[in-house]
Amino acid sequence: GAVVSQHPSWVICKSGTSVKIECRSLDFQATTMFWYRQFPKQSLMLMATSNEGSKATYEQGVEKDKFLINHASLTLSTLTVTSAHPEDSSFYICSAMDGTGTDTQYFGPGTRLTVL
Amino acid sequence: GENVEQHPSTLSVQEGDSAVIKCTYSDSASNYFPWYKQELGKGPQLIIDIRSNVGEKKDQRIAVTLNKTAKHFSLHITETQPEDSAVYFCAASFDTGRRALTFGSGTRLQVQP
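Listed in order, the protein sequences are those of chains A and B.
Note that our numbering gives residue 83 to position 83 of the first sequence, counting from 1, and the numbers run on in steps of one.
So the number in our numbering is just where the residue sits in the second sequence, counting from 1, plus 1000.
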């Protein structure tokens, strides 16, 4: 149980284009999902918190107009990187928290984004 | 906000030896402390967690201890195996508000066969 998937697992795009990454909780309903960014050999940095049916809460320094987050259902959250540039190249990881009251976060396998 | 420090950054042990990774946190309100294992190119995998009402928790070869007074917690891996080689992250959060995790900087564990 507690499986989180991400799609795609990797994507290469041209500078200026937009890329959408999906995060799904496969066997539980996720009231809250989180999006993280990880650079090579570094830790995970929280980008935003996504609650089903409401606007995402972004961390300081994260551009909300560049990183669009939608949490339209209890099993799906999407992150869209708009007008991507090479500096947006990174490993993007989502996590999901169920609504049972525990704090356990289950992580997806990550999406490697490369912007040319 | 919360700040989590993790040591050491790299750790090399011989197969069968024990490995210990230590973390300190700054916010006394934090009450949930998970440990994650991350293999290259993959997402973090929860290996064990502890809550502030417990001082120690064990799961087979893995154990975590928590000292709330000193605000530090540690991961102990006994009888290490080559497949334990990975990057390990500690994290902290509290169960009010958005409950986001603050991660440590990670420890690269290498188990030499």
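Idealized CB from N, CA, C, for every residue including glycine.
Under 7 Å from the C-beta of residue i: neighbouring residues of chain A
i: K1037(B); result: Here the premise fails: no neighbours, minimum Cβ distance about 11 Å.
i: S1012(B); result: Here the premise fails: no neighbours, minimum Cβ distance about 16 Å.
Min CB distance residue i to chain A below 7 Å
i: K1042(B); result: yes
i: S1009(B); result: no
i: Y1088(B); result: no
i: S1030(B); result: no
i: S1093(B); result: yes
i: S1026(B); result: no
i: S1105(B); result: yes
Proximal chain B residues relative to residue i, where beta-carbon distance stays under 7 Å
i: Q105(A); result: L1101
i: F28(A); result: Per Cβ cutoff of 7 Å: no residues; F28(A) is ~14 Å from chain B at best.
i: F34(A); result: A1100
Residue i at chain B interface by Cβ criterion, 7 Å
i: I69(A); result: no
i: T78(A); result: no
i: L44(A); result: yes
i: T49(A); result: yes
i: I93(A); result: yes
DSSP bridge partner residues for residue i (one or two, in chain order)
i: S1012(B); result: Q1110(B)
i: M47(A); result: For M47(A), which the question treats as bridged, DSSP gives no partner whatsoever.
i: A30(A); result: D98(A)
i: N70(A); result: T78(A)
i: E1002(B); result: Per DSSP, none; premise fails for E1002(B).
i: E22(A); result: H7(A), T78(A)
i: T57(A); result: T49(A)
i: T114(A); result: I12(A)
i: H1007(B); result: K1022(B)
i: F107(A); result: S95(A)
i: A1091(B); result: F1103(B)
i: A1086(B); result: L1109(B)
i: S90(A); result: L113(A)
i: T38(A); result: Going by the sequence as given, residue 38(A) is Gln instead of Thr. Bridge partners of Q38(A): L44(A), F91(A).
Proximity below 7 Å, CB of residue i to CB of residue j
i: A96(A); j: M33(A); result: yes
i: A1092(B); j: T1102(B); result: yes
i: T1065(B); j: E1056(B); result: yes
i: G1106(B); j: I93(A); result: no
i: E1002(B); j: S1030(B); result: yes
i: S1012(B); j: Q1110(B); result: yes
i: H1076(B); j: A1063(B); result: yes
i: T82(A); j: S18(A); result: yes
i: T80(A); j: L68(A); result: yes
i: L1046(B); j: Y1036(B); result: yes
i: L46(A); j: E59(A); result: yes
i: G108(A); j: C13(A); result: no
i: E52(A); j: T31(A); result: yes
i: T111(A); j: I21(A); result: yes
Interface residues of chain B facing residue i [CB-CB closer than 8 Å]
i: T17(A); result: Under the 8 Å cutoff, chain B gives no residues; its nearest Cβ is about 23 Å from T17(A).
i: P109(A); result: K1042, G1043
Contacts of residue i in chain B (Cβ-Cβ under 9 Å)
i: M97(A); result: R1099
Contacts that residue i makes with chain A (C-beta to C-beta distance below 8 Å)
i: L1046(B); result: T104, Q105, Y106, F107
i: D1059(B); result: Near D1059(B) there are no residues of chain A at all, since even the closest Cβ is about 14 Å away, more than 8 Å.
Contacts of residue i in chain A (Cβ-Cβ under 9 Å)
i: G1055(B); result: Under the 9 Å cutoff, chain A gives no residues; its nearest Cβ is about 18 Å from G1055(B).
i: D1084(B); result: Per Cβ cutoff of 9 Å: no residues; D1084(B) is ~19 Å from chain A at best.
i: D1017(B); result: Those within 9 Å of D1017(B) in chain A number zero; the least Cβ separation is about 24 Å.
Next on the checklist: If we require 3 or more residues per run, which beta strand (DSSP E) segments fall completely within the region 1011 to 1076 of chain B?
Outcome noted: 1019 to 1025, 1032 to 1038, 1045 to 1051, 1056 to 1059, 1062 to 1067
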